[in-house]
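Shown next, in structure tokens, is the structure this report addresses.
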Amino acid sequence: MKAVGSRLLQLVVLLGTISTTLFLLLRLSGDPAILLAGEGASPETIDAIRADYGFDKSLLQQYLMFLWDIVRLDFGRSLVNSQPALGFVLQYLPSTLHLTFLAVFFNSIIAIPAGVWLGAKPTQRRRKILSTVVSVAQGTPAYVIGLLLIQIFSVWLGWLPSIAGTGTWAWVLPTATLSFALAPNLIRVVAASVEDTTRQDYYRTAKANGAAPNVLLIKHSLPNALLSTTSLLGAQFAFLLSGALITEYIFAWPGLGLILVQSITNLDFPTIQATVFVVAYLVFIVNLLMDQVFRLADPRLRRSQL
Amino acid sequence: MSQELKDQVTPITRRKMFQSKNKSLLTLRISASILGFLFIVALFQPFFYTADPAASDLSLRLQSPSLGGALLGTDALGQDVYSRVIAGFRWSLGIGTVGTLLGCFIGITLGVSAAWNRKRLRIVLSRVIDIGISFPYLIIAVTIVTVVGRGFWPLALTLGLVCWPTIARVVYAETLTLREREYVTAARLFGIGSIRSIFTHILPALRPTIQVVAAFTFAELLIAESGLSFLGLGAPLGTPTWGNMLNESRLYMESAPWMMFGPVTAIILAIFAANLLGEGLNAREQSRSTRVSQ
Amino acid sequence: MINTMTNAIEIKNLVVSFPTPAGYSAVVRGINLTINPGDRVAIVGESGSGKTMMGLSMLGIQPTSAQVEGEILIGDVNMVTAPDVVARKLRGNYISMVFQEPLTSLNPVRTISSQLSESVRRHNSIGKKEAEARVLEVLTAVGIPAPEERMKSYPHQLSGGLRQRVMIALALINKPQLVVADEPTTALDATIQAQILDLLRSGMGDAALMLITHDLAVAADVCNRIVVMYAGNIVEQGPVSEILSNPKHPYTRGLLSAIPKFDQARPALNPIPGSPPTISEVVPGCRFASRCSYADSQCTASEPEFINNIACFHPVSGAVK
């Protein structure tokens, strides 16, 4: 329960910081009413917004009002379609969740076995493969991968659609892009954890008791290695939930990332704010779940919970 | 010894050890030279232009690369892609440098203060670092950029303001180990003040670690900056930056696929060199510490 | 497979070496040692004398970078050359090992009973129930209170002493011929140490014990034979009484006089001056010569052979004062 409390505190601090920053930036960077009204709005609209949002009041009053609205989860209405911003943003959540789960799934089934293979027997050759894969993939930004995949599979070969919602296989390229971007890091961490377990004393003990290589790997290395990989998986999950901005943009995948990019292009502040809050909240949930996974998986943490 | 184990034994001769040490030095030299060259290009870019990167000639639009004409082709406005890629160096490397410096300053300050203090400040600061780590900073960056505007400095400072958590965590962990070293403890016992200890003992000892993490941060900011520009959220539209150019090329993937080539090559080269530099520094540091422990 | 054993283990000319910048350097430099069934032998030496590496290579679990030469015979199996499939049938079964750090030497994410019964079932074709019965039996034998409950615990939930008892149980569970115990009490509190030493002295059943220690007092307490190692060589061996009352090698004498004697009014600690040569150092003569007060030109010119249980040109006689 204590862990939940401290995570909750983190969430509150994070949201508080973000919203205060946003508030100050908005107020300090010119007339917020003009910003909120959007370009080319008539003076009447701007005046209406100024009264509506209370921009004629003192800064402190405004700030308190602003916080109160946030506490009530009222982010205002989208400037683009006048829907309540939060509800509008939440419509895009399932789509992001869909892509996130696909990417985490494919990333895991590719990267974990590969990492185990590399880490279980770290020969010179395998090390070389590992470092090559990692340095190539780390040096390639996600959008380059995405564009290359589109160029090859959509433009040249014409095998797969490059735009979301245009066929059963539209998920393949975005998932591949995200997996490409995430896999090298996961491979590296899994390999390092597995290799690390082979240097542990308990590994030597098992060996001294006649455990065969596959038993050593499955019963002694993997449980410990995967435990230390969980936190990275959690971080990747959180990263994807933040709507893998660029990937969603390239493939026009209607998720949180795309809505964030669009609302920023439109200077739709209520929607921007609601999106950031939803993302922060999701990250909080993921971190909380990861804490629980850790607690269940690691007997050393179970006792400290009591 | 079993046969299987025997196969794994690779005799290390003096020469081999020498080679592996040389190899990390070689990595360092190659990556430093590449980066150095890229910075020279960024600083003296007019020397590398073949055409004015801003000049557009609609009669020459979407030309494919040729040795006689535009080296890397032209874009939809008839601008010379090669010269625009060269122009992008100053933008990207400049933002990367400013952002990394600011990020390092914040990260080091927070990391060292958190680790040095033993009381409440440590709890608060390490929580702050935790929070920073857990949240995807790009989201914050785009939001801030939206409000403060899109020029070079807003972008560079914003990225610097959001990229510190990783640096802070690494510095924090390293400082925690350092402060328990005998010479630091001794300095404390002799009544040497905190600030002085930090400047004479901690910061110099942190330098190798910071160099490594700064190199990786630089690479990451290159990715972040070009990513933001690619989304149309970074550089002002029309500015010759790699991200902008890639974004423009998206519309002509079928008719003019060569437009991607220049910016993609430049960005991958720069990121690769920065990452390689980080790895080289890291390898040098590790080989040093093993030599000391022997 | 190994029913007709006259020795628990026989080591012939064992050399263990590691790659260094200057080529391979030996940490174990040609050791011959025989341990009989039921024997209790102490290997005594400073850290870096090669005693741990010898212990690990007896089971064939030395670090992968190590190169092992010579013979380690368990029955008719030579652990040095035996394929892994053969060697691992002996590990934990005919020969087993107790390590120094009981906390890190047990798998943190698995219960005591699952780790112990894994070892039982590996070497015996028995069911889960029988294996657990055997686990319970051996945990009781090593003196763990309320063993039914402890079985379900994880290593971190036990005290250091109990953990080391579990390690000993794990070593004994398949009734081995030989248990190698590497500094089993070093990581424990003084009072717990005494209990574990008691267990090693009287609770080993039919198994022979090879106790690796830096502490002559511990060796004398538990074992009946002492083997003194220095810088990769055996320099002296003999029955405990002989070594204690009449040590012949100057190094052994040095070790004995370094033990604090509490019966004296003023306990005099006489540490041996200097430090042993590093593994890559080339020493032409006796490797102890530089620290030895009896050394002469013969000692620095050639290395003394191990004859009549001692490797020294100038054996001393008489008790240490």
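Protein chains in written order, with the working numbering: chain Y, 1 to 306; chain A, 307 to 600; chain L, 601 to 921. Glycine included, C-beta positions come from ideal geometry on N, C-alpha and C. This one's a predicted model, so the numbers in the text were calculated from it and none came from an experiment.
Interface partners of residue i on chain Y, CB under 9 Å
| i | result |
| --- | --- |
| T681 (chain L) | Ordered by position in chain Y, no residue passes the 9 Å Cβ test against T681 (chain L), which lies about 18 Å from the chain. |
| I450 (chain A) | T21, L22, L25 |
| L552 (chain A) | Y143, V144, L147 |
Closer than 7 Å at the beta carbon, the chain A residues around residue i
| i | result |
| --- | --- |
| N224 (chain Y) | Those do not exist, as N224 (chain Y) stays about 21 Å from chain A at its closest Cβ, beyond 7 Å. |
| Y249 (chain Y) | L537 |
8 Å Cβ cutoff met for residue i and residue j
| i | j | result |
| --- | --- | --- |
| L267 (chain Y) | L245 (chain Y) | no |
| A447 (chain A) | G400 (chain A) | no |
| N581 (chain A) | F536 (chain A) | no |
| A751 (chain L) | L736 (chain L) | Reading off the sequence, residue 751 (chain L) comes out as Met, not Ala. Cβ atoms of M751 (chain L) and L736 (chain L): closer than 8 Å. |
| L811 (chain L) | A781 (chain L) | yes |
| A511 (chain A) | L484 (chain A) | yes |
| T205 (chain Y) | F699 (chain L) | yes |
| F105 (chain Y) | I145 (chain Y) | no |
| T547 (chain A) | S398 (chain A) | yes |
| I631 (chain L) | I611 (chain L) | yes |
| G139 (chain Y) | I574 (chain A) | yes |
| T271 (chain Y) | L256 (chain Y) | no |
Span separating the alpha-carbon of residue i from that of residue j
| i | j | result |
| --- | --- | --- |
| A820 (chain L) | V920 (chain L) | 15 Å |
| L855 (chain L) | I695 (chain L) | 29 Å |
| Y355 (chain A) | I577 (chain A) | 22 Å |
| L241 (chain Y) | P254 (chain Y) | 13 Å |
| L178 (chain Y) | P563 (chain A) | 23 Å |
| I516 (chain A) | L495 (chain A) | 27 Å |
| L378 (chain A) | E560 (chain A) | 16 Å |
| P161 (chain Y) | I726 (chain L) | 57 Å |
| E248 (chain Y) | L173 (chain Y) | 11 Å |
| G803 (chain L) | V742 (chain L) | 7 Å |
| D789 (chain L) | I70 (chain Y) | 57 Å |
| K729 (chain L) | S753 (chain L) | 18 Å |
| T452 (chain A) | L539 (chain A) | 7 Å |
| T21 (chain Y) | L11 (chain Y) | 15 Å |
| E732 (chain L) | V720 (chain L) | 9 Å |
Min CB distance residue i to chain Y below 8 Å
| i | result |
| --- | --- |
| R734 (chain L) | no |
| M654 (chain L) | no |
| L770 (chain L) | yes |
| K729 (chain L) | no |
| Y894 (chain L) | no |
| V709 (chain L) | yes |
| M697 (chain L) | yes |
| I674 (chain L) | no |
Residues that residue i contacts on chain Y, provided the C-beta gap is smaller than 8 Å
| i | result |
| --- | --- |
| S705 (chain L) | D201, Y202, R204, T205 |
| N581 (chain A) | S135, Q138, G139 |
Assigned exposure category for residue i - 16 Cβ within 10 Å defines buried
| i | result |
| --- | --- |
| G838 (chain L) | buried |
| I907 (chain L) | exposed |
| L587 (chain A) | buried |
| Y489 (chain A) | exposed |
| N81 (chain Y) | exposed |
| L543 (chain A) | exposed |
| D358 (chain A) | exposed |
| R629 (chain L) | buried |
| P847 (chain L) | buried |
Beta carbon proximity, residue i to chain A, threshold 8 Å
| i | result |
| --- | --- |
| F75 (chain Y) | no |
| S95 (chain Y) | no |
| S135 (chain Y) | yes |
| A280 (chain Y) | yes |
| G139 (chain Y) | yes |
| L99 (chain Y) | no |
| A238 (chain Y) | yes |
Min CB distance residue i to chain L below 8 Å
| i | result |
| --- | --- |
| A208 (chain Y) | yes |
| D298 (chain Y) | yes |
| K219 (chain Y) | yes |
Within chain A, the residues that residue i reaches when beta carbons sit closer than 8 Å
| i | result |
| --- | --- |
| N287 (chain Y) | S440 |
Within chain L, the residues that residue i reaches when beta carbons sit closer than 9 Å
| i | result |
| --- | --- |
| A211 (chain Y) | R688, R691, G692, E718, S719, R722 |
Residue i CB to nearest heavy atom of the ligand NAD below 7 Å
| i | result |
| --- | --- |
| Y281 (chain Y) | The ligand NAD is absent from the structure shown, which contains no ligand whatsoever. |
8 Å Cβ cut-off: residues of chain L touching residue i
| i | result |
| --- | --- |
| L227 (chain Y) | V709 |
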